[in-house]
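Last residue of the sequence shown? That's 441 in my numbering, and every number before it is there in order.
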Amino acid sequence: MGPVLAFHRISEADAARITADAEAAFDLIEAIDHTGEPVGDIDKSWDGLRYLLAAAKVDVDLIRDLDPWAGDGEPRIWTAHEVSAAAHTLTATPFAALAEHFAPDDMDDNDVYPDIWDTDFCHEYLREHYEGLVEFLMYASARNSPVLSGFE
């Protein structure tokens, strides 16, 4: 199937619990129910978005120290401050600014995951997931919430 990257809004108490016991994150992810809220699942677009953000020199690292190939590796907590900073940086960066750096041949040459960059739908796929992520981060930021990110 391949690694997908998801972001989950959590409370400060959840963040403290996960900091004390990293395994608690997996149970928490299963129990989170934020019905009606924006979703932080960016599917397999994570590497394409990483490529575009780096090419556009946007200082937001979606992956940080996560290993997409480690299976259910340990997730990472973003503090409310980090969420706010990322949300505001990405809000100030419309997808059109990233799209200027879309280079399918270079993405293929650099093994940007997944191998879809020569398809008709990939540009829209990246745009949808980027805009969804921005909406999610702004929502979490407005509630001063930390976020848990991890590959699933």
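Each residue gets a CB set at the ideal place from its N, CA and C atoms; glycine is no exception.
For residue i, the residue or residues it bridges with in DSSP
i, result
"Ser430", "DSSP, once it has assigned bridges, lists no residue as partnering Ser430."
"Ala305", "Answer is none; Ala305 lacks a bridge partner."
Length of the line joining the Cα atoms of residue i and residue j
i, j, result
"Asp356", "Asp400", "16 Å"
"Gly291", "Ala359", "11 Å"
"Asp394", "Ala295", "27 Å"
CA nearest to the CA of residue i, picked from the options
i, options, result
"Arg432", "Ala385, Asp395, Arg298", "Arg298"
"Pro327", "Ser438, Glu420, Ile366", "Glu420"
"Ser334", "Ala392, Leu426, Ala374, Arg416", "Arg416"
"Tyr402", "Ile352, Leu437, Glu301, Ile307", "Ile352"
Any chain B beta carbon closer than 9 Å to residue i
i, result
"Glu441", "Among the chains of the structure shown, chain B does not appear; only one protein chain is present."
Chain-order list of residues whose beta-carbon lies under 6 Å from that of residue i (same chain, five-residue window excluded)
i, result
"Ile331", "Leu294, His418, Leu422"
"Ile405", "Cys411"
"Leu341", "Leu387, His390"
As assigned by DSSP and simplified to three states, the class of residue i
i, result
"Ser300", "coil"
"Asp330", "strand"
"Trp367", "strand"
Neighbourhood of residue i by C-beta distance below 7 Å, restricted to the same chain and skipping five residues each side
i, result
"Tyr428", "Glu326, Pro327"
"Thr380", "Val423, Met427"
Residues near residue i by beta carbon distance below 8 Å, same chain, minus five either side
i, result
"Phe384", "Leu415, Arg416, Tyr419, Glu420"
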